[in-house]
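Student: Have a look at the structure that comes next, please.
Residue numbers (the numbering used here): 6 to 304.
Next up, the structure:
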């Protein structure tokens, strides 16, 4: 195990040296170009290289996408992801990186690595306190996956926070080799209120992830701001139903979700590295805690 840990750390050393931000800017611009046959050729190569299942796409013709970004964020057929009847459904296609209980305020990343809820949420300690001893799930989207993000349950948007950061890769090797990875990378924190309590969905950027977008804001980055930026929505809350699209990655990445301690229990079939699909059962709601009984004492 020690040899594996050392090899993972060695494998990520080049990422510390690469000009990640410059590469990401260039990749974002190239992905947005409309290059005709050249773009179609790149898309066809990508489909072969990563085994993308275009039969699930609303439009399976690679030549129908004017840019690589439009291909990458392609819609699926309406019947491609039937949604199960569950309290919480999986919001993305991908693989389970990690999930389970939050220990105090510490979220487990990989063996030997964890990070605090506060760090993940851009230093917002009041928000982070809502999730102490709660539950988390980290879902990794590989290049071959569908890259739209959907709601795990009904929710009302109350806040969005852009947190500037690094742009390390978020693949499993990097998660094992870079301490605090998901609290170091650029990210967009989306805060929701539901009938069962608050929850957050954190869209984590990565190397060559050109941008992240939400359905209510559009593209959040670029521009890549140098300071934490917040948008508040309490006065005009945006309500999204379970299964509705809430955002997308323009080139893939990771979603981290946080839930309070008394809100939900994960699907017992879930396990790290298991592949998941949008609309599958993610968990069930926990019954509300019983009210405390106050005994009246006789005078």
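Backbone N, C-alpha and C fix where the C-beta goes; we use that ideal spot for every residue, glycine too.
To test your reading of the DSSP string, which unbroken beta strand (DSSP E) runs of 3 or more residues are found completely within the segment 110–194?
Tutor: Fully enclosed beta strand (DSSP E) runs of 3 or longer: 111–115, 118–121, 140–145, 153–155, 160–168.
Student: In three-state DSSP terms, what is residue 275?
Tutor: Residue state, collapsed to three classes: coil.
Student: Where does residue 58 fall in DSSP's three states?
Tutor: Three-state result, residue 58: coil.
Student: Report yes if the CB atom of residue 268 is closer than 7 angstroms to the CB atom of residue 202, and no otherwise.
Tutor: Yes, the pair counts as a contact, with Cβ atoms nearer than the cut-off.
Student: Would you call residue 255 buried or exposed, if buried means 16 or more other Cβ atoms sit within 10 Å of its Cβ?
Tutor: Result: buried.
Student: Specify, as a first and last residue, the run of the beta strand (DSSP E) that residue 250 falls within.
Tutor: Segment 250–255, the beta strand (DSSP E) holding residue 250.
Student: Less than 8 angstroms between C-beta atoms, sequence neighbours within five positions excluded: which residues of the same chain meet that for residue 276?
Tutor: For residue 276, where only same-chain residues beyond five positions count, the Cβ hits under 8 angstroms are 101.
Student: Residue range of the alpha helix (DSSP H) that residue 74 falls in?
Tutor: Its alpha helix (DSSP H) spans residues 73–77.
Student: As a quick exercise: from 185, 186, 65, 73, pick the residue whose alpha carbon is nearest that of residue 47.
Tutor: When each option's Cα is compared against that of residue 47, the closest is 73.
Student: Determine the contact status of residue 197 and residue 160, defining contact as a CB-CB distance below 7 angstroms.
Tutor: Yes, the Cβ-Cβ distance between residue 197 and residue 160 is below 7 angstroms.
Student: With 16 as the cutoff for other CB atoms within 10 Å, does residue 131 come out buried or exposed?
Tutor: Answer is exposed; the Cβ neighbour count stays below 16.
Student: Kindly identify the DSSP beta-bridge partner or partners of residue 243.
Tutor: DSSP lists 162 as partners of residue 243.
Student: Following the continuous beta strand (DSSP E) through residue 226, name the residue where it begins and the one where it ends.
Tutor: From DSSP, the beta strand (DSSP E) with residue 226 extends over 223–226.
Student: Could you please give the first and the last residue of the uninterrupted beta strand (DSSP E) stretch that includes residue 234?
Tutor: Looking at the DSSP string, the run of the beta strand (DSSP E) that includes residue 234 is 234–237.
Student: Compute the Euclidean distance between the alpha carbons of residue 117 and residue 237, then round it to the nearest angstrom.
Tutor: Approximately 36 angstroms, taken between the alpha carbons.
Student: Can the beta-carbon of residue 85 be found closer than 7 angstroms to that of residue 61?
Tutor: Contact: yes.
Student: I need the straight-line Cα distance from residue 253 to residue 64, nearest angstrom please.
Tutor: When rounded, the distance between both Cα atoms is 18 angstroms.
Student: If you draw a straight line from the alpha carbon of residue 293 to that of residue 75, how long is it in whole angstroms?
Tutor: Rounded to the nearest angstrom, the two C-alpha atoms are 43 angstroms apart.
Student: Could you give the distance in angstroms between the alpha-carbon of residue 289 and the alpha-carbon of residue 158?
Tutor: For residue 289 and residue 158, the distance between alpha carbons rounds to 11 angstroms.
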